[in-house]
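Structure first, then comments.
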Amino acid sequence: MLETDVTRPRLLEVTDLHAWYGDSKALHGIDLHALKGEVICLVGRNGAGKSTTLRSIIGSLKRRTGSIRFRDKETIAMPPRSIAGLGIGYVPEERGIFATLTVEENLKLPRIVHQERMSFEDIYELFPNLKTRLKTFGTKLSGGEQQMLSIARVLQTGSRFLMMDEPTEGLAPVVVDHIADSIELLKQRDFTIVLVEANLKFASRLADRFYVVEQGRIVDHIEPSREVGEGHVERLQAYIGV
Ligand SMILES: Nc1ncnc2c1ncn2[C@@H]1O[C@H](COP(=O)(O)OP(=O)(O)OP(=O)(O)O)[C@@H](O)[C@H]1O
Ligand SMILES: [Mg+2]
Numbered sequence: 239m240l241e242t243d244v245t246r247p248r249l250l251e252v253t254d255l256h257a258w259y260g261d262s263k264a265l266h267g268i269d270l271h272a273l274k275g276e277v278i279c280l281v282g283r284n285g286a287g288k289s290t291t292l293r294s295i296i297g298s299l300k301r302r303t304g305s306i307r308f309r310d311k312e313t314i315a316m317p318p319r320s321i322a323g324l325g326i327g328y329v330p331e332e333r334g335i336f337a338t339l340t341v342e343e344n345l346k347l348p349r350i351v352h353q354e355r356m357s358f359e360d361i362y363e364l365f366p367n368l369k370t371r372l373k374t375f376g377t378k379l380s381g382g383e384q385q386m387l388s389i390a391r392v393l394q395t396g397s398r399f400l401m402m403d404e405p406t407e408g409l410a411p412v413v414v415d416h417i418a419d420s421i422e423l424l425k426q427r428d429f430t431i432v433l434v435e436a437n438l439k440f441a442s443r444l445a446d447r448f449y450v451v452e453q454g455r456i457v458d459h460i461e462p463s464r465e466v467g468e469g470h471v472e473r474l475q476a477y478i479g480v
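Counting the sequence shown from 1 gives a position; the numbering used here is that position plus 238.
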């Protein structure tokens, strides 16, 4: 593990990140990083600041201070469009797909940020359901299909760094397994992924490292490969109280 730490570049480096909604402060100094090819996972109770951390990284939450470096570029003062242009893909909790557009239209809408991107055939291989639903409107999709479309839209842009906010929320176990298989495949292809996840069984299958968020701060860092057996799951459960 030490060796990979040295050889893999830090794709994302967040240092002393503070963020506000208007005058209300939500983040009080977040420090985290992601190495190229890693899956990192943010866990924590409701209102801890997990989604806010992602929103600060993509710049949709504008009032923020500290440092957010992506591929060695400081992004803290950049507008969201420029940040997305660097190849940061965001799959929001509310999935963000257009209900009045078809699957195909939804897929083709987002701006391409990297020409060397996944082909549609590659994407349909990952999510075969989508291929059979190309002419279907967003409103008619199941929750699982919406989630797959939301991920597929980001892959289509060519981003190789994805942030996903609670991708399994409200989904049936069989769909959760499918999403986990897809993320595993992306990991094998050297994508870097930041997950916010409450389903620890799902997250444990994928995450190289966990950050525990509490009241806008990182209060613990857990690396399963350094723990004995499944000890990390108990530690994480203690934090989120399940
Ligand atoms: N749009 C908003 N306006 C004002 N305050 C907000 C807004 N969104 C979140 N907050 C506040 O910011 C803090 C962090 O919220 P955040 O949504 O990041 O938590 P979270 O860890 O994602 O929680 P959850 O598990 O419920 O999704 C909370 O105190 C929350 O009330
Ligand atoms: Mg949230």
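Just so you know, even glycine gets a beta-carbon here, dropped at the ideal spot from N, CA and C.
Just so it is clear, the structure is predicted and the values come from calculations on it, not from any experiment.
- Per the C-alpha coordinates, the member of Tyr362, Ala257 and Ile295 positioned closest to Ser420 is Tyr362.
- Annotated three-state conformation of Ser294 is helix, per DSSP.
- With contacts defined by Cβ atoms closer than 8 Å, Ser397 and Ile314 do not form a contacting pair.
- For the 8 Å CB-CB criterion, Asp403 and Glu331 form a contact.
- Set against 7 Å, the gap from the CB of Tyr259 to the closest heavy atom of ligand 1 is smaller.
- Note that the segment 285-293 touches the segment 451-465; at least 3 beta-carbon pairs, one per stretch, sit closer than 8 Å.
- Rounded to the nearest whole angstrom, the CA to CA distance from Met386 to Arg307 is 28 Å.
- Taking the C-beta atoms as reference points, His256 is found no nearer than 8 Å to Gly297.
- Note on geometry: alpha-carbon atoms of Arg443 and Asn367 lie some 23 Å from one another.
- Relative to ligand 2, Ser289 has its C-beta within less than 7 Å of a heavy atom.
- Here DSSP, grouped into helix, strand and coil, assigns Ala272 to strand.
- In summary, Pro405 is buried, with 16 or more beta-carbon neighbours lying within 10 Å of its beta-carbon over all protein chains present.
- When secondary structure is reduced to three states using DSSP, Met386 falls in the helix class.
- For His459, the uninterrupted beta strand (DSSP E) segment begins and ends at Arg455 to Ile460.
- By a beta-carbon distance limit of 8 Å, His266 contacts Arg455. Their separation comes to about 5 Å.
- In this structure, Gln394 keeps its C-beta atom at 8 Å or more from the C-beta atom of Arg427.
- Leu250: member of the beta strand (DSSP E) spanning Arg248 to Tyr259, first to last residue.
- Here Ile314 carries a coil assignment [DSSP, helix/strand/coil].
- Per DSSP, reduced to three states, the secondary structure at Asp446 is coil, with no helix or strand assignment.
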